[in-house]
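Numbering (UniProt numbering), first residue to last: 1 to 248.
All residues carry an ideal CB built from backbone N, CA and C; glycine is no exception.
Okay, structure coming up:
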C-alpha cells in the first residue's frame with residue numbers, strides 16, 4: 001500500500017514545476033523528491049516492523065515536503081513503548097467468611113489479623129451462611145463475640161465415620177464450637193471480608209490437604225507409600241493370564 005501511494009506521489013512530484021531550492025532544476029527537484037519519498041517509505045516500513053514485532057508504538061509526522069511555499073521540511077518520529085506489564089485480572093470474590101488455620105492466635109490477635117486483611121471477625125450468622133453455601137474447615141477459628149467456631153458438612157462427617165480413628169475429628173454436621181471464656185486460648189481465625197488472592201503455597205496445600213488432621217499413623221503410612229512409589233519401576237507385575245497382559 002505504501003509503495004502504491006508513494007509511486008503516485010513520485011509521479012506528481014515529477015510532473016510538477018516546483019523545486020526545493022531556487023537554483024535547482026526540474027530534474028534535480030524530481031530526483032530529490034524521489035529520494036525523499038524512498039526514505040520516508042523505508043522509515044514507515046521500519047516503524048511497522050517495530051510495531052508488529054516489538055509492540056512499540058511509533059508515530060511519524062512529515063510536513064513541508066510537498067508544499068513549495070514551506071522552506072523548512074520536518075520529519076517527526078514519536079516512540080511510545082509501555083514497559084509496564086498489564087496486571088493479571090484477578091477473580092473478584094464477594095465478601096465472605098474465610099479461615100486462617102493453626103492454633104496460634106488469642107482473641108485480641110485474631111481481631112487484629114482480620115483488620116490487617118481489611119476484614120473483621122466473622123459472626124455466627126455469617127459462618128452459618130458460609131456453611132449453607134458449602135463452606136467447611138476442620139479448624140476452630142476465633143469469631144465475633146469471643147466464640148470459636150467451625151462448620152462441617154454432613155457428607156464430610158459421614159465419610160469420616162468410615163475412617164478408623166477419625167470419626168470425631170471434625171465434630172458434627174453444622175456449626176461446631178461456642179463461647180470461650182478465656183480469650184488467651186489459641187485458635188485459628190474466622191474473618192469476614194474480601195478474601196485475599198490465593199498464593200502458590202496455598203494452592204498446593206488445597207490440592208493435597210485432607211478434611212481431617214493426620215495422625216502419626218497416617219504420616220507413617222504415607223511415608224511408606226512414598227517409599228514404594230520410588231520403587232515401582234523395579235517391581236514386577238503378573239499378566240492377567242498366560243496369553244493376555246490385562247483383562248479386556
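Neighbourhood of residue i by C-beta, 7 angstroms cutoff - its chain only, sequence neighbours within 5 removed
{"i": "residue 130", "result": "96, 97 and 151"}
{"i": "residue 117", "result": "191, 193 and 196"}
{"i": "residue 21", "result": "For residue 21, the predicted structure reports a pLDDT of 45, less than 50, and the residue's modelled location is therefore unreliable. The matter cannot be settled from this model."}
{"i": "residue 239", "result": "245"}
{"i": "residue 91", "result": "With a pLDDT of 46 at residue 91, under the threshold of 50, the predicted position of this residue should be treated as unreliable, though the coordinate-derived value follows. So the list is empty, once near-sequence residues are dropped."}
Nearest to residue i (by Cα), restricted to the options the options
{"i": "residue 147", "options": "112, 168 and 107", "result": "107"}
{"i": "residue 139", "options": "186, 118, 114 and 155", "result": "186"}
{"i": "residue 182", "options": "201, 39, 105 and 235", "result": "105"}
{"i": "residue 135", "options": "162, 173, 248 and 237", "result": "173"}
{"i": "residue 180", "options": "49, 103, 142 and 45", "result": "142"}
For residue i, the residue or residues it bridges with in DSSP
{"i": "residue 49", "result": "According to DSSP, residue 49 bridges with nothing at all."}
{"i": "residue 191", "result": "98 and 121"}
{"i": "residue 151", "result": "175"}
{"i": "residue 141", "result": "149 and 188"}
{"i": "residue 105", "result": "187"}
Assigned exposure category for residue i - 16 Cβ within 10 Å defines buried
{"i": "residue 154", "result": "exposed"}
{"i": "residue 88", "result": "A caution first: residue 88 carries a pLDDT of 39, below 50, which makes its placement in the model unreliable, though a value can still be read off. Result: exposed."}
{"i": "residue 230", "result": "exposed"}
{"i": "residue 164", "result": "exposed"}
{"i": "residue 166", "result": "buried"}
{"i": "residue 245", "result": "exposed"}
{"i": "residue 263", "result": "Outside the displayed span of the chain (1 to 248) sits residue 263, for which this structure offers no information."}
{"i": "residue 111", "result": "buried"}
{"i": "residue 198", "result": "exposed"}
{"i": "residue 99", "result": "buried"}
{"i": "residue 228", "result": "exposed"}
{"i": "residue 144", "result": "buried"}
{"i": "residue 177", "result": "buried"}
{"i": "residue 175", "result": "buried"}
{"i": "residue 236", "result": "exposed"}
Residues near residue i in its chain [Cβ-Cβ closer than 6 angstroms; skip 5 each side]
{"i": "residue 233", "result": "none"}
{"i": "residue 114", "result": "120, 121 and 191"}
{"i": "residue 184", "result": "106"}
{"i": "residue 123", "result": "144"}
{"i": "residue 101", "result": "139 and 188"}
{"i": "residue 226", "result": "none"}
{"i": "residue 103", "result": "186 and 187"}
C-beta neighbour in chain D for residue i, strict 8 angstroms
{"i": "residue 109", "result": "Structure shown: chain D not included; a single protein chain is present."}
Other residues of its chain near residue i: CB distance less than 8 angstroms, five sequence neighbours each side excluded
{"i": "residue 203", "result": "none"}
{"i": "residue 248", "result": "none"}
*asked:* Using a Cβ distance threshold of 8 angstroms, determine whether the segment 179-195 contacts the segment 116-136, with at least three qualifying pairs required.
replied: yes
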